[in-house]
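Enquirer: Before I ask anything, here is the structure I am working with.
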């Protein structure tokens, strides 16, 4: 197999891998959209640092292990092992992937804060303010 074909396959796989490995349920996506509608910074509650996660993935899989250690996403462990095994080419996709995944973990943490945690009263206030603004426009 030639270098060009290996490179093309690696880049194609890397492009597919850039899709975030951290997923959200449809409910979480709806909650995220609601928070955005109220002007809430959806990464307000930082559990992990996206820049640090990406930077760590220069080393094979370290960013994924960092994300897994947050307790949120256990699927980051096998992804980290995969990136470790394919270290040199995995840098192409693992750095942006860890950055994206860290942001998604922070979004999920913010959603939990407002919808299930101590931010619930603030969410109710935001809903009431929004309803007043909508009524005032009519």
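Residue numbers (our numbering): -19 to 118. Virtual Cβ for every residue (Gly too), placed ideally from N, Cα, C. As the structure is a prediction and not an experimental result, all values here were calculated from the model.
1) What is the residue span of the alpha helix (DSSP H) that residue 46 lies within?
2) Per DSSP, what kind of secondary structure is residue 81 in: helix, strand or coil?
3) Please go through the same chain and pick out, in chain order, the residues whose beta-carbon is closer than 8 Å to the beta-carbon of residue -5, but skip the five residues on each side of it.
4) Spatial neighbours of residue 86 within its chain, please: C-beta separation below 7 Å, excluding the five flanking residues on both sides.
5) If I measure Cβ to Cβ from residue 8 and keep anything under 6 Å in the same chain, skipping five residues before and after, which residues do I get?
6) Just how far apart, CA to CA, sit residue 76 and residue 41?
7) Return helix, strand or coil for residue 23, following the three-state DSSP convention.
8) Less than 6 Å between C-beta atoms, sequence neighbours within five positions excluded: which residues of the same chain meet that for residue 46?
9) Quick one: what does DSSP say residue 100 is sitting in, helix, strand or coil?
10) Since residue 105 and residue 78 are thought to touch, with beta carbons under 8 Å apart, how far apart are those beta carbons, to the nearest angstrom?
11) Just tell me which of 110, 97, 96, 71 has its CA closest to the CA of residue 39.
12) Mind checking which residues open and close the alpha helix (DSSP H) that includes residue 17?
13) DSSP three-state call for residue 92: helix, strand or coil?
14) Tell me the residue span of the alpha helix (DSSP H) that contains residue 34.
Expert: Result, derived from the coordinates:
1) 42 to 48
2) helix
3) For residue -5, the predicted model reports a pLDDT of 48, less than 50, meaning its position is unreliable and no value from the coordinates is stated.
4) 23, 25, 26, 27, 28
5) 91
6) 12 Å
7) coil
8) 33, 36
9) helix
10) The pair is not a contact, with the Cβ atoms about 35 Å apart (cut-off 8 Å).
11) 71
12) 6 to 17
13) helix
14) 30 to 36
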